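**Q**
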Amino acid sequence: MLITLDINRARHSLDLDPRVTLLDALRHHLGLTGTKKGCDHGQCGACTVLVNGRRINACLALAVMHDGDQIITVEGLEETGASALQKAFIAHDGFQCGYCTPGQLCSALGMLEEVRQGWPSHVSPSLEPHPVLTRAEIAERMSGNLCRCACYPGINAAISEFGGAAEGTTSEDAA
Amino acid sequence: MKPFDYYRAADLTEAAATHQPGSVFIAGGTNLVDLMKLQVMTPDRVIDIARLGLDRIEDDGDGLRIGALVSNSDLAADPRVRKRWPVLSRALLAGASGQLRNKATTGGNLLQRTRCPYFQDLATPCNKRTPGSGCAAMGGELRNHAVLGTSAHCLALNPGDMAVALRALDAVVEFRDAQGIAHAHPIAGFHLPPGTTPDVETVLPPGALITSVALPAPKGDRQIYRKVRDRASYAFALVSVAAVLRLERGRIVHAALAFGGLGTVPWRDPAVDALLTGEAPSMVLFDKAADLLLHPAQPREGTAFKLPLTRRLLRAVLEEATQ
Ligand SMILES: Cc1cc2nc3c(=O)[nH]c(=O)nc-3n(C[C@H](O)[C@H](O)[C@H](O)COP(=O)(O)OP(=O)(O)OC[C@H]3O[C@@H](n4cnc5c(N)ncnc54)[C@H](O)[C@@H]3O)c2cc1C
Ligand code: FES
Ligand code: FES
Chain A
26 MLITLDINRA RHSLDLDPRV TLLDALRHHL GLTGTKKGCD HGQCGACTVL VNGRRINACL
86 ALAVMHDGDQ IITVEGLEET GASALQKAFI AHDGFQCGYC TPGQLCSALG MLEEVRQGWP
146 SHVSPSLEPH PVLTRAEIAE RMSGNLCRCA CYPGINAAIS EFGGAAEGTT SEDAA
Chain B
14 MKPFDYYRAA DLTEAAATHQ PGSVFIAGGT NLVDLMKLQV MTPDRVIDIA RLGLDRIEDD
74 GDGLRIGALV SNSDLAADPR VRKRWPVLSR ALLAGASGQL RNKATTGGNL LQRTRCPYFQ
134 DLATPCNKRT PGSGCAAMGG ELRNHAVLGT SAHCLALNPG DMAVALRALD AVVEFRDAQG
194 IAHAHPIAGF HLPPGTTPDV ETVLPPGALI TSVALPAPKG DRQIYRKVRD RASYAFALVS
254 VAAVLRLERG RIVHAALAFG GLGTVPWRDP AVDALLTGEA PSMVLFDKAA DLLLHPAQPR
314 EGTAFKLPLT RRLLRAVLEE ATQ
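Residue numbers (the numbering used here), protein chains in the order written: chain A, 26 to 200; chain B, 14 to 336.
#1: Work out the CA separation of residue 225 of chain B and residue 71 of chain B for me, nearest whole Å.
#2: Between the stretch 99-125 of chain B and chain A, which residues of the former have a C-beta closer than 8 angstroms to a C-beta of the latter?
#3: Mind checking if residue 38 of chain A is an interface residue toward chain B, Cβ cutoff 9 angstroms exclusive?
#4: List, from N- to C-terminal side, the alpha helix (DSSP H) runs of 4 residues or more that fit wholly inside the stretch 49-113 of chain A.
#5: Under 8 angstroms, CB to CB, which of the residues in the stretch 124-144 of chain A have a partner in chain B?
#6: Looking at residue 85 of chain A and ligand 2, is the gap between the Cβ and the nearest heavy atom below 8 angstroms?
#7: Check this for me: beta carbons of residue 188 of chain A and residue 130 of chain A, under 9 angstroms apart or not?
#8: Closer than 9 angstroms, Cβ to any Cβ of chain B: which residues of the stretch 158-179 of chain A, in chain order?
#9: Looking at residue 306 of chain B: is its Cβ nearer than 9 angstroms to the Cβ of residue 330 of chain B?
#10: From residue 240 of chain B to residue 47 of chain A, what distance separates their C-alpha atoms?
#11: How should residue 117 of chain A be labelled, buried or exposed, when 16 other C-beta atoms within 10 angstroms of its C-beta is the threshold for buried?
#12: Answer yes if the stretch 76-84 of chain B comes into contact with the stretch 119-126 of chain B, meaning at least three C-beta pairs across the two stretches below 8 angstroms, and no otherwise.
#13: Measuring straight from C-alpha to C-alpha, what distance separates residue 97 of chain B and residue 228 of chain B?
#14: With a cut-off of 9 angstroms, does the C-beta of residue 150 of chain A fall near any C-beta of chain B?
#15: Interface residues of chain A around residue 35 of chain B at Cβ under 8 angstroms?
#16: Any heavy atom of ligand 3 closer than 8 angstroms to the beta-carbon of residue 112 of chain B?
#17: Whole angstroms is fine: what's the gap from residue 141 of chain B's alpha carbon to residue 132 of chain B's?
#18: For the stretch 68-156 of chain B, which segments carrying the alpha helix (DSSP H) assignment without a break, of at least 4 residues, lie completely within its bounds, in sequence order?
#19: I'd like to check one pair, residue 89 of chain A with residue 83 of chain A: are the Cβ atoms closer than 9 angstroms?
#20: Is residue 44 of chain B near ligand 2, going by C-beta to nearest heavy atom under 8 angstroms?
#21: Say whether chain B places a C-beta atom closer than 9 angstroms to the C-beta of residue 99 of chain A.
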């Protein structure tokens, strides 16, 4: 099936079997191997990309269902002005092996946009007011990205710095 | 994955016309693609319903009509839902991950399949996957299995969170059958316990397409969703409770309690709600509610922990809801 994907602001036409996931289309058909395959079942977040601005697991998405969509992968992050996030990951030791990092970066950008839109999370004390970005909020909102090297403190610190998180761990501390 | 034909439906009529035996609809794909990779589901034809325009949440009198393609994220963040049906927002936010909720849809979430490991393992018998083959969970390794609504043929748990809140809120599932006729079915009785046919999971006839979920005005202002799981986030429920209560002059005048992690279907026992209604809240009353709820439970080695856990959780939720 012939489809067009807009990836990192460049249009790509592809002729794909409908079984091909968005993840495999990126990695095997377009050579964009920055996006990683961890579990291939939605359980780790290594494959996280932004589709029309929202983070999703590319391993559970059929590429043909994304015909015409705008996709941002880790390869396109610099152009989106996210190099400061990448630098923060380096400054805070937000990785060891780096395998989960592309997914962490894309997920963090999608997550911060969700916070800007005022979306609550499981740990938000109230559903009403605008959520406050705290360490606890970041941990909960990033729980879809596992890190086998357990660099969670560094990942959280990097996102806190980039996202301008409030001091303290919870919103009570921050208040 | 087994090969399949892919169709992108332009409208409901086309979606129905393209459907034939062996076809499935695909919405977010977060459950279906997973199971297709495992070859637990092997459709000949996959019909994409993501672009049918069923992704709006509309005011419906004093309630809401939630399009079947509304994502779990959008539903949880909707200001109306957060304000008047917070138990639904909370249940959604307690499920899966940020990425998954962005893709997962209202209709797909209602129809998600069990996470029973034997259902997902082609090497073992499973009456749900292959009717008549047996149930490897009986005498197998149990943990996330049902203790209520089970049968001699199946112990599989309904794993969803959203449906538990929808049960406590008396939602109505709206669908079109293969002939295009519109139907509405209360969420109570929408999911079917396994009985002798564990492969039949809902009242939906073959080829039916969920179009929306109607949410009536909430009958209680005290709403809580609490979920206990093996890790703090991104895990299915061991046990969860959705509570919708209203109190007047120190007495419970409306009680709706629904449970996840316990049943072969999202669980609600009208006798438990009736026991609480009209009463003044007390620990003695809450314990009686737990007795009544758990009386028919059939715990086994591996799932027996759910009974004391449910009791403690129910007491804590009712205590908080009646403060
Ligand atoms: C790692 C992981 C963790 C998860 N954790 C949780 C959790 O904690 N709590 C929880 O509740 N869920 C959890 N989920 C499940 C998730 O919520 C479901 O996968 C999701 O809601 C399914 O929605 P979908 O739109 O992606 O469905 P799809 O995968 O597209 O479809 C699922 C089924 O529904 C059918 N279908 C879909 N829409 C319609 C329609 N409108 N009409 C008729 N048939 C339809 C499909 O044919 C298919 O059989 C988790 C999933 C994963 C992968
Ligand atoms: S590779 Fe997609 S979630 Fe693990
Ligand atoms: S840095 Fe190794 S998995 Fe995260």
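Built from N, CA and C at the ideal position, the CB exists for glycine as well. On a predicted model such as this, the values are computed, not experimentally measured, just so you know.
**A** Considering the structure as presented:
#1: Straight across, the Cα-Cα distance linking residue 71 of chain B with residue 225 of chain B is about 10 angstroms.
#2: Those residues of the stretch 99-125 of chain B that come within reach of chain A (Cβ to Cβ, closer than 8 angstroms) are 99, 102, 103, 106, 107, 109, 110, 111, 112, 113, 115, 116.
#3: With a threshold of 9 angstroms between beta carbons, residue 38 of chain A makes no contact with chain B.
#4: Here no run is fully enclosed.
#5: Within the stretch 124-144 of chain A, the qualifying residues are 132, 135, 136, 139, 142, 143, 144.
#6: Yes.
#7: Result no, Cβ atoms of residue 188 of chain A and residue 130 of chain A do not sit closer than 9 angstroms.
#8: Answer in chain order: 164, 165, 166, 167, 168, 169, 170, 171.
#9: Between residue 306 of chain B and residue 330 of chain B, the CB-CB gap reaches or exceeds 9 angstroms.
#10: CA-to-CA, the gap between residue 240 of chain B and residue 47 of chain A works out to about 32 angstroms.
#11: So residue 117 of chain A counts as buried.
#12: The stretch 119-126 of chain B is in contact with the stretch 76-84 of chain B.
#13: Roughly 11 angstroms between the two C-alpha positions.
#14: So, not an interface residue.
#15: Residue 35 of chain B does not reach chain A, its nearest Cβ partner there being about 15 angstroms away, counting only Cβ pairs nearer than 8 angstroms.
#16: A distance criterion of 8 angstroms places the beta-carbon of residue 112 of chain B beyond contact range of ligand 3, judged by its closest non-hydrogen atom.
#17: Going by the C-alpha atoms only, they are around 7 angstroms apart.
#18: Within the stretch 68-156 of chain B, the runs of alpha helix (DSSP H) at least 4 residues long that lie entirely inside it are, in chain order, 85-90, 92-97, 99-106, 111-116, 119-123.
#19: When the beta-carbon positions are compared, residue 83 of chain A and residue 89 of chain A stay at least 9 angstroms from each other.
#20: With a cutoff of 8 angstroms, residue 44 of chain B does not count as near ligand 2, since its C-beta is closer than that to no heavy atom of the ligand.
#21: Answer no: the Cβ-Cβ gap between residue 99 of chain A and chain B never drops below 9 angstroms.
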